[in-house]
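Below is one structure; the comments refer to it alone.
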Amino acid sequence: MKKDTHPTYFPQARVVCACGNAFIMGSTKEKIEVEICSNCHPFYSGKGKLVDTAGRIEKFKKRLAKKK
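Just so you know, we're using the working numbering here: the sequence shown kicks off at 1 and counts up by one.
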């Protein structure tokens with residue numbers, strides 16, 4: 001087998017989120033910067049937003065009716 005083919009593994013890699021949250025995990029990169037994490041993601045934080053798609057659906061139906 002070839003030697004030195006695997007990347008260096010950092011068991012104490014630091015992950016830093018844009019919201020300021022930081023945690024430690026294992027990775028092949030020493031420092032990882034992410035835009036969103038479980039601390040600030042709407043699904044995990046419970047601050048989910050409902051997207052109003054009713055306007056989009058009506059617009060689509062109008063375009064579909066025009067083509068027929």
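By construction, the Cβ of each residue, glycine as well, lies at the ideal position given by its N, Cα and C atoms.
With distance defined between alpha-carbon atoms, name the residue in LEU64, LYS61, ASN21 and LYS66 nearest to ILE32.
Of the candidates LEU64, LYS61, ASN21 and LYS66, the one whose C-alpha sits nearest the C-alpha of ILE32 is ASN21.
Would you say the region 33-46 touches the region 7-22, given that touching needs at least three Cβ pairs under 8 Å?
Contact between the region 33-46 and the region 7-22 is present, because at least three Cβ pairs lie under 8 Å.
Going by the CB atoms, is the gap between PHE60 and GLU30 shorter than 8 Å?
No, the Cβ-Cβ distance between GLU30 and PHE60 is not below 8 Å.
Helix or strand or just coil, what does DSSP make of LYS67?
LYS67 falls in the helix class under three-state DSSP.
Using 8 Å as the threshold, is the C-beta distance between PRO42 and THR28 below it?
Not a contact, by the Cβ cut-off of 8 Å.
Let me check one thing: in DSSP terms, what residues is SER27 bridge-paired to?
Beta-bridge pairing links SER27 to PHE10.
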